[in-house]
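Student: Here you go, one structure.
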Amino acid sequence: MHGEYTPLMKPGLLAKRLATGKARLDPEMGLEKLCTGCSEYWPQDTAFWSAWHHANSPDGLQHYCKACEAEKAAQRREGKAA
Numbered sequence: 001m002h003g004e005y006t007p008l009m010k011p012g013l014l015a016k017r018l019a020t021g022k023a024r025l026d027p028e029m030g031l032e033k034l035c036t037g038c039s040e041y042w043p044q045d046t047a048f049w050s051a052w053h054h055a056n057s058p059d060g061l062q063h064y065c066k067a068c069e070a071e072k073a074a075q076r077r078e079g080k081a082a
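With UniProt numbering applied, the sequence shown corresponds to residues 1 to 82, in that order.
Listed below in structure tokens is the structure:
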């Protein structure tokens, strides 16, 4: 198992995300990413986001925070059980 880490973004991507509100710099928490599921900001590290190496994720993290991922997985399981 790997430890938690914060993927580094290219400067241009970071500037774009800060300008569009998809990321923000919190004085206490540091770089935070906006979850497209719950619309909350969470620290941009693998404690809150699953690593996802996909072309649609240039920062290397999922679009949904881990809590939203778990909720979506539970909904899928409930749908299969019905």
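Even glycine gets a Cβ: it sits at the ideal position worked out from N, Cα and C.
Bear in mind that the values here come from a model prediction, so they are computed numbers and not experimental data.
Is the beta carbon of lysine 16 sitting closer than 8 Å to the one on leucine 61?
Tutor: Here residue 16 corresponds to residue number 16 of the sequence shown, with the count starting at 1. Here residue 61 corresponds to residue number 61 of the sequence shown, with the count starting at 1. No, they are not a contact pair.
Student: Would you mind sorting tyrosine 5 into buried or exposed? The rule is 16 or more other CB atoms within 10 Å of its CB.
Tutor: Against the sequence shown, residue 5 aligns to sequence position 5. With fewer than 16 Cβ atoms within 10 Å of its Cβ, tyrosine 5 is classed as exposed.
Student: Go through its chain and collect everything with a Cβ distance to glycine 30's Cβ below 7 Å, but skip five positions before and after it.
Tutor: Position 30 of the sequence shown, counted from the start, is the residue given in the question as residue 30. Excluding positions up to five away in sequence, the list reads Pro43.
Student: My understanding is that serine 50 touches glutamate 69, with C-beta atoms under 8 Å, so please give their C-beta distance in whole angstroms.
Tutor: Taking the sequence shown and counting its residues from 1, the one referred to as residue 50 is at position 50. Taking the sequence shown and counting its residues from 1, the one referred to as residue 69 is at position 69. Serine 50 to glutamate 69, Cβ: 6 Å. Contact.
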